[in-house]
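Here the structure comes first, spelled out in structure tokens, and everything after it is commentary.
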Amino acid sequence: MARARVRGIYATALTARLLDAGHEVVDASPPIRRRFDAEFGTEPPAVRIGTSADRQGVGAHGDAGALGAVRDLLTDAGRDTLAWPDPTPPGTVLDGEVTETLGGGAVVDLRVGGGRVGGEGGDVTGTPAAAVEGYLPYGAVDARVETGDAVRVQVRESAAPWTDRRPELAGELRVGGDLVALEPGSGTRVDARDDEAARELSGMLDLLDLEPPTGWRAVWQPAAVDADTEALTAGLDAAVEAAEGLRAATGADDESGVDDGTGDGLGVVSDRSRLRDAPLAAPNAGVWVWFGRESRSGLDDARRTATATMPGHHRVKVGSADASAGVDLAEALCDPAPDAEFPFAVVADAFGPREGDALRIDHGKPDGRLITLGEGTVTGVDADGTVTVEREMTGGGTYDGLGVDREAGDVAETSLKEGRWWYPTTYRGRDGTVRGTYVNVCTPVEVFPDAARYVDLHVDVMKHPDGTVERVDDEELTESVAAGHTPEALAEKVRSVASALENAL
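If you want this note's numbering, it's the 1-based position in the sequence shown plus 1307.
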């Protein structure tokens, strides 16, 4: 059983599922404590689960064995849940090369290696991206950084593979968990929001003589305020052990060839022969989990066991911060019927999209990538959840799969229906002549205020101008299943949908 800390818009649902499975939830937020009749400890978690920056899914990071214990719980919320190992979990120390300098920092090509990052234990295997870029703020490294420099860095914050963010790096070592962190320096700092509580904790630390070793500064976290003396002592001991292990791994105790002067073995590397093609230290494992529409509905059901939950609770919260606040208000005022339909028309009227709006088509891939197919103009929004988008095409080339020349002035009309496992795009010439229809088979479509999102599942069905119907890319789906990117149950659904489309067209 794992000990987990959960934060973000999925916290109530995931807490319910973790507790039902016999796991322990610690450092629970006040709303979670109110909603559950359970004991929530203050011990450091083995796994930390948090919502991705775009709210599309969650990242889980921590001890590899504990992460393996909760991974299936995260991924079985619905058929359209997909997961990928994180090649850069927080705390990982990597070598890399600066490939670009920007206004506030440098882009670093990281040497993540070809295997798993995060040590042994747990089912968190997979193939990380062949090339991973990180972002190193200039303020996070003491030396001047230029294109072509070799650097040794630590991951401060990871990033989901489907977002356009890069993992954030630092040229200074930092270790520790929810109670205390250690960084190069001296002394002790209490990072608590309540000044009186911070003073009390400082007095307790002095009384217990909990001082960091020479060369390190202890930064006590807010969770330490409520911890007992045994937990404080254990937290510092664990941080010291981890810090010394990482310093040894980074070569800080020898002539490391690192030029930034911090003494922790990180920074600009002058001796390129010391660079490694795999992580020097990986204290944590990680996994990123993408939730689709069916998965969010399953999480709604789990949340409903603990508190009032409107239909589409998580689906609406993903859309925008304003929509998220609207959900909280609606649920505070009434107890929604659990069997009611998702109110797409009401949500679209309040938050969009509306006719005339620009709408992106965010085309996810089973390997974790996200491609934007373009942006069109919304020409219709129906109460049944159908949103029609039109794009004017430029000339040149042909339409993929259709073999028809693309001419300037052609119009692509895409019909996106909330919750449907496919969507068609019909191409028409200036005179309205149909030049072909291309149907993508995908995870259930979600139409948010600024973008329609789904994960493309390889198989497509096309209707050519002469009426011929063609199904393509079944081989790619089979390869995706073999690679571990697409679960077999999801692949079976895809094949069923594609067969139905063939017959219908």
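Cβ coordinates follow ideal geometry from the N, Cα and C atoms, glycine included.
Residue i vs residue j beta-carbon contact at 8 Å
i: W1729; j: L1808; result: yes
i: P1351; j: D1456; result: no
i: E1699; j: G1681; result: no
i: V1487; j: G1542; result: yes
i: P1756; j: V1746; result: no
i: T1395; j: V1458; result: no
i: E1723; j: R1386; result: Here residue 1723 is Leu; the residue named in the question, Glu, does not match the sequence. For L1723 and R1386, no; Cβs fall outside 8 Å.
i: W1527; j: G1492; result: no
i: T1454; j: E1407; result: yes
i: V1625; j: V1634; result: no
i: G1552; j: P1751; result: no
i: G1366; j: W1595; result: yes
i: D1402; j: V1576; result: yes
i: E1297; j: T1695; result: The structure shown has nothing for residue 1297, since the chain only spans 1308 to 1812.
i: G1683; j: L1666; result: yes
i: L1380; j: L1325; result: yes
i: A1384; j: S1602; result: yes
i: A1592; j: A1371; result: yes
i: A1320; j: R1610; result: yes
Residue closest to residue i, alpha-carbon to alpha-carbon, out of the options
i: R1355; options: A1390, L1514, R1310 and G1708; result: R1310
i: R1581; options: F1755, E1404 and A1589; result: E1404
i: D1689; options: A1715, P1618, V1654 and G1716; result: V1654
i: R1314; options: E1648, I1339, R1324 and S1509; result: I1339
i: Y1317; options: P1586, T1740 and L1606; result: L1606
i: L1764; options: V1804, A1555, H1771 and L1321; result: V1804
i: L1413; options: F1343, V1460 and G1492; result: Reading the sequence as shown, one finds Ala at residue 1413 and not Leu. It is V1460 whose Cα lies nearest to the Cα of A1413.
i: G1369; options: V1623, E1464, D1608 and G1702; result: E1464
i: L1508; options: E1490, A1538 and L1573; result: A1538
i: A1525; options: T1495, D1513, P1645 and D1516; result: T1495
i: R1341; options: S1359, A1353, G1357 and T1322; result: T1322
i: A1360; options: L1489, E1407, L1325 and T1470; result: T1470
i: V1748; options: V1462, T1733, D1767 and Y1734; result: D1767
i: G1411; options: L1443, R1611, D1402 and L1380; result: L1443
i: G1687; options: F1598, L1515, A1652 and D1669; result: A1652
i: T1536; options: G1510, V1594 and G1683; result: G1510
i: G1670; options: V1741, R1760 and G1692; result: Sequence inspection shows His at residue 1670; the Gly mentioned does not correspond to that position. Taking only the C-alpha atoms, the option nearest H1670 is R1760.
i: T1388; options: R1611, G1739 and E1795; result: E1795
i: Y1734; options: V1754, R1727, M1769 and A1758; result: M1769
i: D1584; options: R1378, A1467 and G1420; result: G1420
i: G1364; options: A1613, L1489 and A1466; result: A1466
Burial state of residue i, where buried means 16 or more other Cβ atoms lie within 10 Å
i: E1548; result: exposed
i: T1392; result: Residue identity check: residue 1392 is Pro in the sequence provided, not Thr. The residue is buried, with at least 16 neighbouring Cβ atoms inside 10 Å.
i: V1842; result: The requested residue 1842 is not part of the displayed model; the chain covers only 1308 to 1812.
i: T1399; result: buried
i: R1579; result: exposed
i: A1328; result: exposed
i: A1550; result: buried
i: R1500; result: exposed
i: T1705; result: exposed
i: E1662; result: exposed
i: T1358; result: buried
i: V1741; result: exposed
i: T1679; result: exposed
Decide if the region 1314-1333 is in contact with the region 1343-1350; the criterion is three or more beta carbon pairs, one per stretch, under 8 Å apart.
yes
Quick one: complete beta strand (DSSP E) runs, 3+ long, within the region 1648-1720?
1665-1671, 1677-1688 and 1693-1699
Whether or not the region 1445-1452 and the region 1463-1480 are in contact is what I'm after, with contact meaning three or more pairs of Cβ atoms, one per stretch, closer than 8 Å; do they touch?
Contact holds: three or more Cβ-Cβ distances are below 8 Å.
Only counting runs of 4 or more residues, tell me where the alpha helix (DSSP H) segments fall wholly within the region 1514-1559, in order along the chain.
1536-1557
What ranges does the beta strand (DSSP E) occupy inside the region 1344-1407, keeping only unbroken runs of at least 3 residues that lie completely in it?
Taken in chain order, the unbroken stretches of beta strand (DSSP E) that lie wholly in the region 1344-1407 and span 3 residues or more are 1354-1358, 1364-1369 and 1389-1392.
Given 8 Å, three or more beta-carbon pairs between the region 1582-1596 and the region 1607-1620
no
Using a Cβ distance threshold of 8 Å, determine whether the region 1704-1711 contacts the region 1671-1681, with at least three qualifying pairs required.
Contact between the region 1704-1711 and the region 1671-1681 is absent, because fewer than three Cβ pairs lie under 8 Å.
Does the region 1656-1667 come close enough to the region 1762-1776 to have 3 or more Cβ pairs within less than 8 Å?
no
Could you give the uninterrupted runs of the alpha helix (DSSP H) lying entirely in the region 1709-1793, keeping only those of 4 residues or more?
1781-1789
Enumerate, from N- to C-terminal direction, the unbroken alpha helix (DSSP H) stretches of 4 or more residues contained entirely within the region 1603-1646.
Look at the region 1603-1646 and you find these whole runs of alpha helix (DSSP H), each 4 residues long or longer: 1620-1626 and 1628-1640.
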